[in-house]
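Student:
Residue numbers (full-length UniProt numbering): 1 to 180.
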């Protein structure tokens, strides 16, 4: 016995794939992220020591996988906030390798506390699922930047919040500016 199913959007969704016009996104998920950080005031190194995420996932078809997706995306957001930066020089990427483009590893992962908020979308697949793939990246880095500002008084205006960037912002604070 074989069964084949395919998602069909509800009839009220008007989308013209050829003209690429219409309401392509009839449903949105929401999330809230909170980070607890420690900032070494001698070296300006930032460590995320705890991370919370509450995400509206619609219906969690597979809760363990859903939480894992949020944890992985949140770890990626930590990298965006603290270490990942493409360095350009003369029109070329100066750091194109894993040895000099620093991403977080499992050793950099704080404890993650994930709360799946289930508010099923009536027309979502699997009984009301919503997308969760990209959402963890949206709030994680701003949560970390806000925590760093709360800890140091230095407002982030660029990411990543490297020790060098925070040091320069702290030095500039003496002259009236406090932006990293």
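Virtual Cβ for every residue (Gly too), placed ideally from N, Cα, C.
Note that the structure is predicted; figures quoted are calculated from it, not measured.
Name the one or two DSSP bridge partners that residue 89 has.
Tutor: On the chain shown, position 89 is the one that residue 89 refers to. Looking at the DSSP assignment, residue 89 forms a beta bridge with 92.
Student: Please report how far the alpha carbon of residue 21 lies from the alpha carbon of residue 9, in whole angstroms.
Tutor: To locate residue 21, count along the chain shown from 1; it is residue 21. To locate residue 9, count along the chain shown from 1; it is residue 9. So the alpha carbons of these two residues sit roughly 15 Å apart.
Student: Whole angstroms is fine: what's the gap from residue 137's alpha carbon to residue 37's?
Tutor: The residue labelled residue 137 in the question sits at position 137 within the chain shown. The residue labelled residue 37 in the question sits at position 37 within the chain shown. Using only the alpha carbons, I get a separation of about 17 Å.
Student: Does DSSP put residue 51 in a helix, a strand or coil?
Tutor: As a position in the chain shown, residue 51 is number 51, starting the count at 1. DSSP places residue 51 in strand when its eight states are reduced to three.
Student: My output table needs one value for residue 73: the three-state DSSP class, helix, strand or coil.
Tutor: Locating residue 73 in the chain shown gives position 73, counting from the first residue. Three-state result, residue 73: helix.
Student: Hey, could you find the ends of the beta strand (DSSP E) residue 38 is sitting in?
Tutor: What you label residue 38 is simply residue 38 of the chain shown in a count that begins at 1. That run of the beta strand (DSSP E) goes 31–39.
Student: Alpha carbon to alpha carbon, what distance is there between residue 126 and residue 4?
Tutor: As a working note, residue 4 is residue 4 in the chain shown. As a working note, residue 126 is residue 126 in the chain shown. Residue 4 and residue 126: Cα-Cα distance of roughly 14 Å.
Student: To which residues does DSSP link residue 15 through a beta bridge?
Tutor: By one-based count along the chain shown, residue 15 stands at place 15. According to DSSP, residue 15 bridges with 22.
Student: When you compare the CB positions of residue 60 and residue 134, do they come within less than 8 Å of one another, or not?
Tutor: As a working mapping, residue 60 is identified with position 60 in the chain shown. As a working mapping, residue 134 is identified with position 134 in the chain shown. No, the pair does not count as a contact, with Cβ atoms beyond the cut-off.
Student: Can you tell which of 57, 79 and 62 has the C-alpha that lies nearest to the C-alpha of residue 46?
Tutor: Numbered from its first residue, the chain shown carries residue 46 at position 46. If we check each option's Cα against that of residue 46, 79 comes out closest.
Student: Under 8 Å between the Cβ atoms of residue 90 and residue 57?
Tutor: Within the chain shown, residue 90 is the residue found at index 90, counting from 1. Within the chain shown, residue 57 is the residue found at index 57, counting from 1. Against a cut-off of 8 Å, the Cβ pair of residue 57 and residue 90 comes out as no contact.
Student: Would you decide whether residue 92 is buried or exposed? Buried here means 16 or more other CB atoms lie within 10 Å of its CB.
Tutor: Along the chain shown, read from residue 1 onward, the residue named residue 92 stands at position 92. With fewer than 16 other Cβ atoms within 10 Å, it is exposed.
Student: Using 8 Å for Cβ pairs, my map puts residue 32 next to residue 139. What's the rounded Cβ distance?
Tutor: Walking along the chain shown from the start, residue 32 turns up at place 32. Walking along the chain shown from the start, residue 139 turns up at place 139. Indeed they touch by this definition, with Cβ atoms about 7 Å apart.
Student: Rounding to the nearest angstrom, what Cα-Cα distance links residue 70 and residue 173 in this structure?
Tutor: Numbered from its first residue, the chain shown carries residue 70 at position 70. Numbered from its first residue, the chain shown carries residue 173 at position 173. When rounded, the distance between both Cα atoms is 36 Å.
Student: Mind reading off the beta-carbon distance from residue 51 to residue 112? Whole number of angstroms is fine, and I expect it under 8 Å.
Tutor: Counted from its first residue, the chain shown places residue 51 at position 51. Counted from its first residue, the chain shown places residue 112 at position 112. So it is a contact: roughly 5 Å between Cβ atoms.
Student: For my contact list, residue 154 and residue 170 are in at a C-beta cut-off of 8 Å; report their separation, rounded to the angstrom.
Tutor: As a position in the chain shown, residue 154 is number 154, starting the count at 1. As a position in the chain shown, residue 170 is number 170, starting the count at 1. Right, their Cβ atoms sit about 6 Å apart.
Student: Quickly, what does DSSP pair residue 56 with across the bridge? List them, please.
Tutor: As a first step, residue 56 must be located in the chain shown, where it is residue number 56. Residue 56 is bridged to 117.
Student: For residue 167, which three-state DSSP category applies?
Tutor: Residue mapping note: residue 167 aligns to position 167 of the chain shown, counting from 1. It is helical.
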